[in-house]
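Here is the structure we will look at.
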Amino acid sequence: MRKEASNSVENIVDFLYQETEIHFLVHPGDKNVMVNATEMAKVFGKRTSNFLVNKETKDTISALERTGIPVHSDLKIVDDRGHMGIYFHRLLAIDFASWLNKDFKVWILLRIDEVVFGNYKEHWDAHVWQESQKKERDRLELKLSIDPTPEDFKEYLKVCKNIDKASRMKERAIKNQLKLF
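According to the UniProt record's numbering, the sequence shown is numbered sequentially starting from 1.
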């Protein structure tokens, strides 16, 4: 399940994992995705503080910081529309998810991909459909020029509408992605 809410500073996308909402914040300015770690921990009855004091976690944070990714400074306590909690940078959230449960890590990875690339896939699928409809239109145009039938003409009109529909779908996917970033 995915819901989006827009706000002037960031966009909120939430997904349901085992009856618990997990909120993702998309920051358009720095093109970052953050995940509500408090909600992540709640699913497994654990605490973010136990993860953060872990030596391996501290080493991971240091390694990420050395690459210029401000992971430690991205640990934020956010109170936004009732989604209060500690939010981790997406890379730290992946590490945290792995610490919590390996299957949950895969789920988090897939949700981050959906946030980042979801609209791209919708755009690509619409593009592929549009191109196949253009080929069908060309085939029907040739057929209509040789031996026109009412059925072929109806099919031709339907295919032309599909091309327009695919174009609108592509445009909507682009607009939706731009809203996030």
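C-beta atoms are modelled at their ideal positions from N, C-alpha and C, and glycine is treated no differently.
C-alpha gap between V43 and S167, whole angstroms: One alpha carbon belongs to V43, the other to S167, and they sit about 41 Å apart.
For F104 and A37, believed in contact at Cβ under 8 Å, the rounded distance: Contact annotation, A37 with F104: C-beta distance approximately 12 Å; criterion of less than 8 Å not satisfied.
Segment limits, beta strand (DSSP E) that includes M34: Run containing M34: N32 to N36, per the beta strand (DSSP E) assignment.
Alpha-carbon spacing of Y156 relative to E141, whole angstroms: Whole-angstrom Cα-Cα distance: 7 Å.
Under the three-state DSSP convention, the category R2 falls into: In this prediction, R2 has a pLDDT of 44, which is less than 50 and means its spatial position is unreliable; what the coordinates show is noted afterwards. Residue state for R2 is assigned as strand, using DSSP reduced to three classes.
Limits of the beta strand (DSSP E) - the one that N11 falls within: Start and end: N11 to Y17.
Euclidean distance between Cα positions of T67 and L91: If you take the alpha carbons of T67 and L91, they lie about 12 Å apart.
Own chain partners of F51 with C-beta closer than 7 Å, once the 5 adjacent residues on each side are dropped: If we look at F51 and ignore the five residues flanking it on each side, its Cβ neighbours are T57, F96 and W99.
Range covered by the beta strand (DSSP E) that runs through V26: Note, V26: beta strand (DSSP E), T20 to H27.
Euclidean distance between Cα positions of L16 and I22: Going by the C-alpha atoms only, they are around 6 Å apart.
CA-to-CA distance, M34 to Q177, given in whole angstroms: Straight across, the Cα-Cα distance linking Q177 with M34 is about 17 Å.
The alpha helix (DSSP H) enclosing G118, as first and last residue numbers: It spans K102 to I146 - the alpha helix (DSSP H) in which G118 sits, taken as one unbroken run.
Option nearest N13 by Cα separation, candidates A63, E65 and V116: Per the sequence presented here, residue 13 reads as Val, with Asn not at that position. Among A63, E65 and V116, the Cα nearest to that of V13 belongs to V116.
Residue environment, Y87, which counts as buried when at least 16 other CB atoms sit within 10 Å: By the Cβ-count criterion, Y87 is buried, with 16 or more other Cβ atoms from all chains shown falling within 10 Å of its own Cβ.
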